[in-house]
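Visitor: First to last, the sequence lines map onto chains G and F.
Letter by letter, the first sequence follows residues 1 to 201 in my numbering.
Letter by letter, the second sequence follows residues 1001 to 1201 in my numbering.
Number of protein chains: 2
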Amino acid sequence: MKISELSERSGVPVATVKFYIREGMLPRGEAVSATRAEYDDDHLARLRVIAALTDVRGLPLARVRDILALIDAPAGDPVEILGRAVGALPPYVGGTRDNYPLARAAIAHLGLTYDPGFTAVAQLDEALRALEAAGLDASPAVLRRYGEAMRQVAAEELAPMAGMRLDEAVTYAVLGTALYEPVMLALRRLAHHHLLVDPAV
Amino acid sequence: MKISELSERSGVPVATVKFYIREGMLPRGEAVSATRAEYDDDHLARLRVIAALTDVRGLPLARVRDILALIDAPAGDPVEILGRAVGALPPYVGGTRDNYPLARAAIAHLGLTYDPGFTAVAQLDEALRALEAAGLDASPAVLRRYGEAMRQVAAEELAPMAGMRLDEAVTYAVLGTALYEPVMLALRRLAHHHLLVDPAV
DNA sequence: CAACATTAGATAGCTATACTATCCAACGCA
DNA sequence: TGCGTTGGATAGTATAGCTATCTAATGTTG
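1. Between SER4/G and the rest of its own chain, which residues show a CB-CB distance below 8 Å, the 5 nearest in sequence each way excluded?
2. What span of residues does the alpha helix (DSSP H) with SER1007/F cover, start to end?
3. Can you grab the Cα-Cα spacing for the pair ALA62/G / SER1033/F, in whole Å?
4. Consider the Cβ of GLY130/G: report whether some Cβ of chain F lies at a distance smaller than 9 Å.
5. Mark ALA1072/F as exposed unless 16 or more other C-beta atoms lie within 10 angstroms of its C-beta, in which case mark it buried.
6. In chain order, what residues of the same chain have a beta carbon less than 8 Å from the beta carbon of MET161/G, not counting five sequence neighbours either side?
7. Can the beta-carbon of ALA1178/F be found closer than 9 Å to that of LEU1089/F?
8. I need the straight-line Cα distance from HIS109/G to LEU1082/F, nearest angstrom please.
9. When you compare only the Cα positions, how much space is there between GLN152/G and VAL1142/F?
10. Just to confirm, are ARG1129/F and TYR1114/F a CB contact at a threshold of 9 Å?
11. Have a look at LEU124/G and GLY135/G and give me their C-alpha separation to the nearest angstrom.
12. Counting only C-beta atoms, is LEU1068/F closer than 9 Å to chain G at any point?
13. Given GLY1117/F, which residues of its chain have a CB within under 7 Å of its CB, disregarding the five upstream and five downstream residues?
14. Express the C-alpha separation of LEU187/G and ALA1191/F in angstroms, rounding to a whole number.
15. Out of LEU1053/F, GLY1147/F, SER1010/F, TYR1146/F, which one is the CA nearest neighbour of TYR1039/F?
16. Among ALA122/G, VAL56/G, MET184/G, ILE21/G, which has the Cα closest to the Cα of VAL86/G?
17. Going by DSSP, which residues form a beta bridge with ALA37/G?
18. With DSSP collapsed to three states, give me the class of PHE19/G.
19. First and last residue of the alpha helix (DSSP H) that includes ARG145/G?
20. Which residue wins for smallest C-alpha separation from MET1025/F, given the options LEU1047/F, ALA1031/F, LEU1006/F?
21. Measure the alpha-carbon distance for SER139/G versus TYR20/G and round it to whole angstroms.
22. With 9 Å as the threshold, decide whether the Cβ of THR16/G is near any Cβ in chain F.
23. So that I know if they touch, is there some Cβ in chain F lying closer than 9 Å to that of HIS43/G?
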């Protein structure tokens, strides 16, 4: 398809498509002549992933680029790839330190694995710090509530990976980490709303 | 305390504190003389909330302002306030439409309340659209998995509100909606990590 | 009490992000 | 043949979120 068609079908302006190509986030179309290039369904799919990550997830382009790189050339074992995907998502933390006291205590309490090199540890620490700074409850009881729910969800999310090829699994893990989160959060907000509006049920 | 002390204790540069005051996000200190103003613990707490929402939650200042306004002058019933708090969080959706087919189906399936005026409905619709655009599974089975977990979490979160004054409840609901989410997400990521690293448990 | 630092408040400047717009020569199409 | 479209390059724009500078007044310290 032509660039104008790619633009129409994806909803992304031509100028922006060109911009993404310049930035190396989208491969060039296959040059057919000096003024024509051919784009295919892969281009369209890629563009839709970019749109999902920027518009819905609200990620900065630099992070979107990181995520695309993980999908394109999965290097390292799954745990390492997951770690990098997590690092591309908010809350953005600086370089890893070697001690995260709040996260460490929480993780120990929940029986999870404390690995200070895994970005989510720093993210949890940050999140707990923010909670306390704002004067909200971050007691073990509250943590357990979230921990149990998330452990259950996570187990079910990992199940389908069993039957996948490596590249499929990487795409699923990377995009899934980023894109199931908004769904989950929207459902939590809807559950609050539902319970307030219709407490009987 | 002096502005320099406020700055030190909050970790926010003096120039930035002045900027927040200019922007109306932080009240002026009480003027003691032409070159001195006195800041108190409320200023410090407010600054910490701003920092939590911008740094950890990554919200744009305009949204932080919206949230602070809700806490400062809670207008309307709790459901309406919750709705406005949710509207200040990503995914940011434009004005409400009157039909959200994907969200409507999901909500019906989960037995929640479909109210197209509640922002989370539009957010869910967006999130589901993004999921499909990226080629991920958004089947009823997947939705139920998240829906059940979130309904359970939400019920436990609402419980403590029973014994609160209105202003306390509003602060809890508004800040809680924004600040428990990162904790939950970090725990989900940690659960994935844990299951990958140590599948036996 | 002199000298130096600090402050409030105002204004201007800066940096990064994410696009948009313009331009040109080379096509494609009617 | 002429008008619109394209690829590719370059330049410009809009916004957000600070950061720096300036002035006059005021603390503060040796």
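Glycine included, each C-beta is placed from N, C-alpha and C at the ideal position.
Keep in mind that this is a model prediction, so the values were computed, not measured.
Guide: With the given structure in hand:
1. For SER4/G, where only same-chain residues beyond five positions count, the Cβ hits under 8 Å are VAL14.
2. Segment 1003 to 1010, the alpha helix (DSSP H) holding SER1007/F.
3. Cα to Cα, ALA62/G sits roughly 47 Å from SER1033/F.
4. What sits at residue 130/G in the sequence shown is Ala, not Gly. It does; some Cβ of chain F falls within 9 Å.
5. Checking the displayed sequence, the identity of residue 1072/F turns out to be Asp instead of Ala. It counts as exposed.
6. Taken in chain order, the residues that qualify are ALA169, TYR172, ALA173.
7. Their beta carbons are under 9 Å apart, which means ALA1178/F touches LEU1089/F by this criterion.
8. Computed Cα separation, rounded: 31 Å.
9. Approximately 13 Å between the Cα atoms of the pair.
10. Not a contact, by the Cβ cut-off of 9 Å.
11. The C-alpha of LEU124/G lies about 16 Å from the C-alpha of GLY135/G.
12. So no, LEU1068/F is outside the interface.
13. Sequence-distant Cβ neighbours of GLY1117/F in its own chain, meaning closer than 7 Å and more than five residues away, are THR1096.
14. Taking the straight line from one Cα to the other gives about 20 Å.
15. Nearest in C-alpha terms to TYR1039/F, of all of LEU1053/F, GLY1147/F, SER1010/F, TYR1146/F, is SER1010/F.
16. It is ALA122/G whose Cα lies nearest to the Cα of VAL86/G.
17. DSSP lists ALA31/G as partners of ALA37/G.
18. Here PHE19/G sits in helix by DSSP.
19. Taken as a continuous stretch (DSSP letters only), the alpha helix (DSSP H) holding ARG145/G covers 140 to 158.
20. Taking only the C-alpha atoms, the option nearest MET1025/F is LEU1047/F.
21. Taking the CA atoms as reference points, SER139/G sits about 45 Å from TYR20/G.
22. Judged by the 9 Å Cβ criterion, THR16/G is not in contact with chain F.
23. The beta carbon of HIS43/G does not come within 9 Å of any beta carbon belonging to chain F, so the residue lies off that interface.
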